[in-house]
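Below is one structure, written out as structure tokens; the observations come after it.
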Amino acid sequence: MPGKHSDSATSELCEKCKENISILVVRAKPICHDCFARYVHTKAIKRLESFRVNFAASPDQQRKILLPLSHGVSSTTLLHILDLHLNTQRSKTNRTGFAISVLVVDEGSLDPARLDKVRERYANHDYASLPLHDVFRLLPDDASLRAFLPESQVQEVCSTQEQLTSLIASLTSATARADVLTTLRTRLIVEHAKQTGCESILWGDSTTRLAEKTLAETAKGRGFSLPWQISDGKSPFDINFHYPLRDVLKKELFSYVDLAEPALSALVYEPQSGATQASMSSKNTTIDDLMKQYFESVEENFPSIVSNVVRTTGKLEVPTGATSNPRCSLCGMPVPDGRFGIHGWGGDQHGGADDAAAVSGGSLCYGCTRSIPQRGTAVASK
Amino acid sequence: MPPSPCALCHTNRALILRPKDHSKLCKACFITVFETEIHHTITTNALFTRGERIAIGASGGKDSTVLASVLKTLNERYDYGLDLVLLSIDEGIKGYRDDSLETVKRNAEQYGMDLTILGYDELYGWTMDQVVEQVGKKGNCTYCGVFRRQALDRGAARLGVKHVVTGHNADDVAETVLMNLLRGDLPRLSRTTSIITSTPSASSDPASNTNIKRSKPLKYAYEKEIVLYAHHKSLDYFSTECIYSPEAFRGSARALIKNLERVRPSAILDVVRSGEDMAKLVPGSDEGCGGTCSSNIPVAEEEEGGCGSANGRTVGGDMANMEKQLAQNDTAADQNLEVEITSKKINGAGMPLATGKKGKKGFTPRKSTKQVMGQCKICGYLSSQDVCKACVLLGGLNKARPKNKIEIGYEVQDLQQRDQGADGVANALQRTSIGGD
């Protein structure tokens with residue numbers, strides 16, 4: 171996975187500084203250790219110019235941002251870079267441009283010792299850990315989420331953990347389960363950021379991850395939401411989204427993890443790489459897995475194409491007045507013209523019988539309707 | 520496990536697992552559902568009007584054969600009132616196109632439709648066999664694709680037909696959406712996802728090469744279902760691939776589409792839906808509603824389902840070439856960053872990052888300009904340049920030719936146009952009758 175290391179027998183000079191011996195080939199250029207670190211730092215910090223030190227503000231008016239940490243390569247690297255950046259700001263100007271709040275979402279397999287190690291190494295930030303099922307507790311309009319629970323669960327009063335378990339169990343495919351889990355995780359992170367007073371969320375998505383997301387959401391029928399999901403700036407949730415690592419490839423981050431001093435490997439936990447290759451049967455493979463495999467192979471030989479996909483999608487514009495469109499109850503995206511459900515467009519081949527179900531089917535966007543099973547009878551009875 | 524009954528009629532035994540939604544159907548119900556869905560696509564998008572004359576782009580392959588069969592069936596069943604004709608383009612490839620055209624001739628007899636065959640040599644003075652002799656096998660697909668795009672419109676104009684239907688299916692459209700994302704081609708997204716496109720006209724001349732509608736009635740039909748339909752109706756179609764593109768293999772987008780379909784059957788339609796939604800998000804695009812209302816989107820650069828539609832339209836070197844070009848763009852952008860880094864190094868020696876000394880913001884690419892459609896100076900066909908691409912390629916071919924045995928008759932005047940049209944039809948009829956012997 172790391173970038174190609176140059177052969178020590180035929181070492182050549184770093185192409186940037188012309189002084190040190192190169193240890194890595196980045197985008198077809200040999201580069202040394204220091205220049206590579208500077209390369210990654212520059213790419214990330216360049217994206218955060220709006221978070222520079224605000225000398226006009228008083229020290230107690232500190233801006234707060236949230237960093238969701240999954241213990242993967244990308245979010246761990248982002249935390250490392252931001253920590254370094256804040257230390258530099260503090261040592262030069264005796265204050266920082268923002269404060270970091272780190273959130274770890276527990277989906278059942280979280281090892282608390284991992285978070286302790288991170289906290290120990292980057293001690294100057296707030297840390298929180300929340301279970302995923304807290305999304306049912308935090309969302310103010312949780313009634314709309316509860317509507318997707320299976321029939322038997324609606325009547326009873328049960329814990330948020332049981333609600334989450336039964337919701338996921340009612341989904342019929344691995345892609346649907348992965349899709350809903352991702353959506354709920356995003357909602358949880360957003361709600362936590364709002365309630366803790368953060369003005370922005372810094373996601374650790376690399377170029378490769380954003381390209382994967384572009385094609386995965388396209389394949390799930392959420393093309394309309396791509397401007398919200400890929401671009402820096404406003405999100406549909408009244409909070410800003412930023413992707414500081416959007417110009418760095420995933421393989422470059424893997425190299426960075428190995429080369430940082432001390433190495434970040436002890437903090438990183440990437441469980442999926444083995445599991446992804448093992449489960450090649452179509453039963454367990456998800457659309458996200460497929461796109462991940464695809465772009466990891468494209469990235470090896472054609473890294474500029476990966477960048478180009480992200481750049482292209484970044485050009486898509488949110489239509490004027492889009493924020494006033496009705497929202498999907500699950501993912502929260504504004505649906506153009508309120509076209510909910512999978513009916514009522516050119517590709518829908520069924521006649522009027524389903525129109526009644528579509529009207530009473532609630533307010534899910536096309537992509538979420540593909541994941542959540544239809545409950546026409548139950549929904550119509552409400 | 521006992522055989523399950525059909526999900527629709529609950530009487531017959533289910534023999535077909537439907538690719539689109541994995542429902543189990545018997546043969547009769549599958550055929551009915553397939554045809555009804557095409558009918559639904561035609562009516563909801565208002566593709567046809569009563570009394571309209573429609574040319575079906577027929578290649579002898581499965582898509583156009585199924586299209587012709589379904590349109591004939593629906594035209595009779597629902598009384599569209601259409602006049603259907605078959606229009607074939609003969610690229611002049613021995614051993615491939617002449618065999619597939621035999622299939623089209625048989626189809627014309629079976630369906631009772633008029634058939635017109637136009638050859639590249641008739642339109643351009645060159646057959647693909649001759650082009651390959653001249654330029655070799657590499658790159659000849661470019662000539663064929665450019666010629667074919669124009670040929671269908673010029674053939675329709677000769678017949679006086681204002682509407683051409685093609686056999687593009689959902690897999691083709693979804694593949695094109697993904698390819699355009701991978702290539703970074705946003706303006707093309709709108710064109711490829713629209714079910715109706717047309718060649719805008721600078722003149723109101725009814726006999727000109729413009730003002731011809733194109734539509735794709737099979738846009739929401741899966742390729743696998745088209746094959747199943749052809750099989751269960753015992754349709755006669757030709758399935759050999761083009762002999763001049765043996766190196767064409769499944770492109771990235773094609774393989775990706777097939778993998779997606781395996782993971783989730785609806786993914787192909789989901790990609791088509793996303794493509795339609797994204798087309799409205801492209802900056803500078805006309806505010807159409809999913810391409811349904813916009814019937815005047817220019818067709819000029821729409822990709823045809825070319826020879827060997829089962830193969831990807833991406834040749835192996837495309838991604839490498841694009842990578843090289845994009846890498847150069849990135850290098851140019853990096854020059855700015857490099858200058859910035861150097862200046863920082865001078866100011867703050869040893870500091871990894873200087874604060875508050877940001878120089879240039881970086882490389883800002885210019886917005887792509889919109890294409891303006893005009894007419895080719897030489898042949899009068901639609902073109903955004905002075906001379907259309909086919910004439911440019913033709914000029915290159917003719918320069919290398921020792922002497923011109925066949926002169927291309929350009930249709931400059933109305934009278935000449937009508938004469939050409941009449942001659943074309945007569946020649947086609949002769950060819951048909953010869954084939955009948």
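So the sequence lines, in the order shown, correspond to chains A and B.
Residue 202 in this note's numbering sits at position 32 of the first sequence; the count goes up by one each step and never skips.
Residue 608 in this note's numbering sits at position 89 of the second sequence; the count goes up by one each step and never skips.
Even for Gly, the Cβ is constructed at its ideal location relative to N, Cα and C.
These numbers were taken from a predicted model, which means no experiment stands behind them.
query, result
"Under 8 angstroms between C-beta atoms, does residue 792/B make it to chain A?", "yes"
"Please report the residue range of the beta strand (DSSP E) in which residue 635/B lies.", "633-638"
"What span of residues does the beta strand (DSSP E) with residue 410/A cover, start to end?", "410-412"
"When the cut-off is 8 angstroms and only beta carbons count, does residue 842/B lie next to chain A?", "yes"
"Which of the three DSSP states is assigned to residue 816/B in this structure?", "Residue confidence for residue 816/B is low, a pLDDT of 39 falling below 50, so the modelled location carries little weight; the figure read from the coordinates is stated next. Coil at residue 816/B, not helix or strand."
"Where does residue 238/A fall in DSSP's three states?", "strand"
"Counting only Cβ pairs nearer than 7 angstroms, list the residues of chain B close to residue 343/A.", "783"
"Kindly say whether residue 278/A, judged by its beta-carbon, lies nearer than 8 angstroms to any beta-carbon of chain B.", "no"
"Among 660/B, 552/B and 695/B, which residue has its Cα nearest to the Cα of residue 612/B?", "660/B"
"Along the chain, which unbroken stretches of the alpha helix (DSSP H) at least 4 residues long are found entirely within the region 597-675 of chain B?", "616-630, 639-643 and 647-654"
"Give every residue of the same chain whose Cβ lies closer than 6 angstroms to the Cβ of residue 742/B, excluding the five residues on either side of it in the sequence, and list them in chain order.", "688 and 690"
"Report the three-state DSSP secondary structure of residue 363/A (helix, strand or coil).", "helix"
"So does the region 524-544 of chain B actually touch the region 640-660 of chain B, counting three or more Cβ pairs closer than 8 angstroms?", "no"
"Can you tell me the Cα-Cα spacing of residue 289/A and residue 373/A, whole angstroms?", "19 angstroms"
"What residues of chain A sit near residue 564/B, judged by a beta carbon separation below 9 angstroms?", "516"
"Report back the beta-carbon spacing between residue 579/B and residue 622/B to the nearest angstrom; my notes put them in contact at under 8 angstroms.", "4 angstroms"
"Is there a Cβ of chain A sitting closer than 8 angstroms to that of residue 885/B, yes or no?", "Legend: pLDDT at residue 885/B = 40, less than 50; position of this residue unreliable, value from coordinates given subsequently. Closer than 8 angstroms: no."
"Could you tell me the boundaries of the alpha helix (DSSP H) in which residue 262/A lies?", "243-263"
"Would you say the region 377-388 of chain A touches the region 460-478 of chain A, given that touching needs at least three Cβ pairs under 8 angstroms?", "yes"
"For the region 385-397 of chain A and the region 189-208 of chain A, state whether three or more C-beta atom pairs, one from each stretch, are separated by less than 8 angstroms.", "no"
"Buried or exposed for residue 287/A, please, with buried defined as at least 16 other CB atoms from any protein chain shown within 10 angstroms of its CB.", "exposed"
"Measuring only between beta-carbons, confirm whether residue 745/B sits less than 8 angstroms from chain A.", "no"
"Please list the partners that residue 257/A has in chain B, where partner means a Cβ-to-Cβ separation under 9 angstroms.", "The premise fails here: residue 257/A is roughly 11 angstroms from chain B at the closest Cβ pair, so nothing lies under 9 angstroms."
"Here's a check: name, in chain order, each residue in its chain whose Cβ is nearer than 7 angstroms to the Cβ of residue 601/B, leaving out the five neighbours to either side.", "567, 571, 573 and 594"
"Taking residue 507/A as the reference, give the member of 238/A, 493/A and 501/A with the closest Cα.", "493/A"
"Are the CB atoms of residue 404/A and residue 469/A within a distance shorter than 8 angstroms?", "no"
"For a contact meaning CB atoms closer than 7 angstroms, what does residue 474/A contact in chain B?", "842, 845, 846 and 849"
"What does residue 794/B pair with, by DSSP beta-bridge criteria?", "Paired residues: none, contrary to the question."
"Could you name the residues of the same chain whose beta carbon sits closer than 6 angstroms to that of residue 217/A, not counting the 5 residues immediately before and after it, in chain order?", "414"
"Could you check if residue 545/B is buried or exposed, using at least 16 other CB atoms within 10 Å of its CB as the buried criterion?", "buried"
"Between the region 239-258 of chain A and the region 426-440 of chain A, are three or more C-beta pairs nearer than 8 angstroms?", "yes"
"Using a Cβ-Cβ cutoff of 9 angstroms, what residues of the region 573-604 of chain B are near chain A? List them in chain order.", "none"
"Is the beta carbon of residue 516/A closer than 8 angstroms to that of residue 699/B?", "no"
"Identify every run of the beta strand (DSSP E) within the region 536-589 of chain B, keeping only runs that are complete inside it and at least 3 residues long; order them along the chain.", "572-576"
"Of the residues 337/A, 307/A, 299/A and 362/A, which one's Cα is nearest the Cα of residue 234/A?", "362/A"
"Taking residue 633/B and residue 590/B to be in contact with their CB atoms under 8 angstroms, please state how far apart those CB atoms are, rounded to whole angstroms.", "Their Cβ separation, rounded to whole angstroms, is 14 angstroms, which puts residue 633/B and residue 590/B out of contact at 8 angstroms."
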